[in-house]
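Q: One structure, pasted below without further comment.
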DNA sequence: CTGTTAGCGCCTTCAC
DNA sequence: GTGAAGGCGCTAACAG
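In structure tokens, the structure reads:
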């Protein structure tokens, strides 16, 4: 089957076009850069024809090398497995397309070491900026980036002492919203379930806000940069709190470690089994992966009708939420991604501002699970 | 807040390093390319030090320009919304990482026109190859690519007359597996629900295989390149067939058009409502998006206990399948992505072969929905 | 072993 | 209006 036009036909270069059009490279370059006003209609026509004939397409890499900007931006993702990530990615994609940028996607699969390597790889490709949604974002890791290096914007995370924009959910408000909803609906035994949060600011904020509301301090303090509340972090740590008789617990679910998950879930089971008919238990999942883990476990343990036993509320609104009827707080994921790129773009274009935080509101979607 | 190390410190170049190390650019280049055997330990040490001191990182773009290969490959995706896509993407990511390639991800959001533009954009970045999972893959669209141009591998789709590798599910076998499973479990009224399939080979193959089994011709013919069965495609088209008393229907669900979906679902409802107590109805979703649409509708119409009314089987195994208990045929998505990159890599490295098709088997995961 | 010399494809002064 | 020359950061012959 040798239909193959043998010579992989080296793509035409600007020189080829110049020759074909009977002119110099300069004019071609001008044409490419839209400096039409400086070209005689006649020459312009010839160039147009030549380009057409040769199916010429300027080499972005070469242009980039010369101009010092290649329109590439890096996107570092911790976990493509999380629907949140994918949704954000869509916003990013759209914004890039609109702004003439091209994203280089890197998936670190929850490995901090890989994040580091990717970050440096991106650097190597001379991306003009990076959007980071990773776990291991430390000040030092990002130094080559956020600092004197290329501009960066953080998604759903902020890092102390780093000069970079950040955009994400208003975690404090979202967690308050959810907790209040549960309280208002008469739940008096609420478990906030979250992945290890020592390193991740957004998880810290959510957990802290939950605890505050439960403690009855639900003041609407504005979310500050980095929670810094970071509690020791015993696996399965359980902070107690109460508000008008309602009790609140924090349960850590380390999804990366099956054994730890097992233990945490066992603790939860005990609570559920032991709960008197008088108290209504609700689970508040800090994000979709946690919610899924909980739902699967509960279903396995209590059968298809598990929702009669416990209510489940989750931050994030995965596609199965509607199907299963759990209440959620939907993040404006698409917009988060879009805004992140816009921020980055501004910085790339040289707009100088101090680090900005863009906190977007979540939307409570009440479903059968908590309203019955 | 002017912590910013003012000069965005132009990154060091090979020239800088050469000067710093008191030598020529060539030696640096040699060092970078691992030609250690040709460098005196002494020089080598100096270079190492200089690189360290300047935090030098070679510019991939420049190398690419010179060598004619930049280790970039394009990945064109029709729909990031589909879990399948994301899973494949993970395999792709992993393989790229292993092979030293860097993927440029393009999301066409189900718009054929955008696919075309992205393809050409990728070309502009001089990617060394592309992996395509799109809708509008026509021979002509891909001409600049698959043909004399850069190598391409198709995912989950084959295009007639295009010289390109393809990797995906063994659709024929998968559809047969599913249909047989339903038949074996006593379902005698089976609806195969699929998105418009005139353009998409994989959907064609699945539908055709379903019909054949229903017709009793379930021969295990090997899947050929491109089904070409392409049936007219009336929206809501319904082909009848029967096998030992069991009836089979094909229902087209155009997810992009709410009105069409409405109509199709109404037809389905009629069938379900009208079904006598004697017949057992099963729905066979051609992929996860279709399955989700069906599940949501059924739940809305028949309540939480909808599964008592109809059985649902789906190709694809989305995260909510386990939770909801539907039977599925899981695709080896990760491997599909991984293999796709491997194929592409071989072609990039110049291995000449005729177009290969790599058909991977699906795995039937039986759950309550069809087994009770 | 090591350095010099040309470019890769394009853009950008700077003259004509 | 138009073109020639030089250089972006790096590699690949060629000499030494």
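Protein chains in written order, with full-length UniProt numbering: chain A, 1 to 372; chain B, 1 to 372. Cβ atoms here follow ideal geometry from the backbone N, Cα and C, with glycine treated the same way. Since the structure is predicted, the reported quantities are computational estimates derived from the model, not experimental observations.
Taking C-alpha atoms, which residue in A:154, A:174, A:176 and A:175 lies nearest to residue 166 of chain A?
A: With distances taken between Cα atoms, residue 166 of chain A lies closest to A:154.
Q: To which residues of the same chain is residue 335 of chain B closer than 7 Å at the C-beta, ignoring the five residues directly before and after it?
A: Excluding residues within five positions, the ones whose Cβ falls inside 7 Å are 91 and 360.
Q: So the alpha helix (DSSP H) residue 14 of chain B belongs to, where does it begin and stop?
A: Element bounds for residue 14 of chain B: 14-21.
Q: Would you say residue 14 of chain A reaches chain B, if we count a Cβ-Cβ gap shorter than 8 Å as a contact?
A: Answer no: the Cβ-Cβ gap between residue 14 of chain A and chain B never drops below 8 Å.
Q: Is any beta-carbon of chain A found at less than 8 Å from that of residue 331 of chain B?
A: Answer no: the Cβ-Cβ gap between residue 331 of chain B and chain A never drops below 8 Å.
Q: Does any C-beta atom of chain B lie closer than 8 Å to the C-beta of residue 297 of chain A?
A: Closer than 8 Å: no.
Q: Can you list, in chain order, the residues of the UniProt domain "HTH lacI-type" (12-67) of chain B whose Cβ is nearer than 9 Å to any Cβ on chain A?
A: Result list: 55, 57, 58, 59, 60, 61, 62, 64 and 65.
Q: Among residues of its own chain, excluding the 5 on either side of residue 101 of chain A, which ones have a beta-carbon nearer than 6 Å to its beta-carbon?
A: Taken in chain order, the residues that qualify are 71 and 73.
Q: Examine chain B for any beta-carbon lying closer than 8 Å to the beta-carbon of residue 287 of chain A, and answer yes or no.
A: No, because no Cβ of chain B sits closer than 8 Å to the Cβ of residue 287 of chain A.
Q: Would you identify the three-state DSSP class for residue 192 of chain A, choosing helix, strand or coil?
A: DSSP places residue 192 of chain A in strand when its eight states are reduced to three.
Q: Between residue 312 of chain B and residue 283 of chain B, is the Cβ-Cβ spacing less than 8 Å?
A: In contact: residue 312 of chain B and residue 283 of chain B (Cβ atoms closer than 8 Å).
Q: Distance cutoff 8 Å, beta carbons only. Does residue 386 of chain A sit that close to anything in chain B?
A: What is shown of chain A runs 1 to 372, which leaves residue 386 of chain A out entirely.
Q: Taking the straight line between their C-alpha atoms, what separation do you get for residue 342 of chain A and residue 341 of chain B?
A: Near 32 Å, if we compare the C-alpha coordinates of residue 341 of chain B and residue 342 of chain A.
Q: Give the interface partners of residue 103 of chain B over in chain A, defined as CB-CB distance under 7 Å, in chain order.
A: Simply 105.
Q: Mind listing which residues of the segment 240-269 of chain B have their C-beta closer than 8 Å to chain A's C-betas, in chain order?
A: Correct list: empty, as no residue qualifies.
Q: Excluding sequence positions up to five away, which residues of its chain have a Cβ less than 6 Å from the Cβ of residue 231 of chain A?
A: Bear in mind that a pLDDT of 38 at residue 231 of chain A, under 50, signals an unreliable position, so the number given afterwards is only what the model happens to contain. Counting only Cβ-Cβ distances below 6 Å, and skipping sequence neighbours, we find nothing.
Q: Contact between the segment 114-130 of chain B and the segment 309-323 of chain B: three or more CB pairs below 8 Å?
A: The segment 114-130 of chain B, when compared against the segment 309-323 of chain B, does not touch it at the 8 Å Cβ threshold.
Q: Return yes when the Cβ of residue 58 of chain B is within less than 8 Å of the Cβ of residue 348 of chain B, no when it is not.
A: Not a contact, by the Cβ cut-off of 8 Å.
Q: Exposed or buried, what is residue 250 of chain B when buried is set at 16 or more other beta-carbons lying within 10 Å of its beta-carbon?
A: Buried: at least 16 other Cβ atoms inside 10 Å.
Q: Out of curiosity, what's the CA-to-CA distance linking residue 331 of chain A and residue 134 of chain A?
A: Approximately 18 Å between the Cα atoms of the pair.
Q: Give the DSSP bridge partners of residue 363 of chain A, in chain order.
A: DSSP lists A:330 as partners of residue 363 of chain A.
Q: Note down, in chain order, all residues in the segment 117-130 of chain B with a beta-carbon under 8 Å from any beta-carbon belonging to chain A.
A: The segment 117-130 of chain B vs chain A, Cβ under 8 Å: 120, 121, 123, 124, 125 and 126.
Q: If residue 189 of chain A and residue 275 of chain A are in contact, beta carbons under 8 Å, what's the gap, nearest whole angstrom?
A: Sure, about 6 Å apart at Cβ, within 8 Å.
Q: Buried or exposed: residue 353 of chain B, going by 16 or more other Cβ atoms within 10 Å of its Cβ?
A: Residue 353 of chain B comes out exposed.
Q: For residue 179 of chain B, which residues of its own chain have a beta-carbon under 6 Å away from its beta-carbon, when the five flanking residues on both sides are left out?
A: Excluding sequence neighbours, residue 179 of chain B sits near 210 and 213.
Q: Answer yes or no: does any C-beta atom of chain B fall closer than 8 Å to that of residue 292 of chain A?
A: Interface residue, yes.
Q: Can you find at least 3 beta carbon pairs, one from the segment 74-85 of chain A and one from the segment 46-54 of chain A, that sit closer than 8 Å?
A: Too few Cβ pairs lie closer than 8 Å, so no.
Q: Quick test of the definition: if touching needs 3 or more C-beta pairs under 8 Å, does the segment 256-273 of chain A touch the segment 171-178 of chain A?
A: No, because fewer than three Cβ pairs between the segment 256-273 of chain A and the segment 171-178 of chain A fall closer than 8 Å, the two stretches do not touch.
Q: Quick check on residue 371 of chain A: buried or exposed, where buried means 16 or more other Cβ atoms within 10 Å of its Cβ?
A: Exposed, since its Cβ has fewer than 16 Cβ neighbours within 10 Å.
Q: Looking at the secondary structure, which residues open and close the beta strand (DSSP E) in which residue 325 of chain A lies?
A: Taken as a continuous stretch (DSSP letters only), residue 325 of chain A belongs to no beta strand (DSSP E), as it is neither H nor E.
Q: Looking only at its own chain, which residues have a Cβ that is under 8 Å from the Cβ of residue 290 of chain A, when we skip the five neighbours before and after it?
A: Around residue 290 of chain A: 193, 194, 195, 253, 255 and 314.
Q: Could you check if residue 333 of chain B is buried or exposed, using at least 16 other CB atoms within 10 Å of its CB as the buried criterion?
A: The residue in question, residue 333 of chain B, is buried, as its Cβ has 16 or more Cβ neighbours within 10 Å.
Q: Which runs of the beta strand (DSSP E) spanning at least 3 residues fall entirely within the segment 279-314 of chain A, listed in chain order?
A: Segments of the beta strand (DSSP E) lying fully in the segment 279-314 of chain A: 281-285.
Q: Kindly indicate which residue of B:346, B:337 and B:351 has the alpha-carbon position closest to the one of residue 132 of chain B.
A: Nearest of B:346, B:337 and B:351 to residue 132 of chain B, Cα basis: B:337.
Q: Kindly give me the distance between the Cβ atoms of residue 323 of chain A and residue 295 of chain B, rounded to whole angstroms, as I take these residues to be in contact under 8 Å.
A: So it is a contact: roughly 6 Å between Cβ atoms.
Q: With a cut-off of 8 Å on the beta carbons, I'd call residue 30 of chain A and residue 38 of chain A a contact; round off their distance for me.
A: Yes, they are in contact, since the Cβ atoms of residue 30 of chain A and residue 38 of chain A sit about 6 Å apart, within 8 Å.
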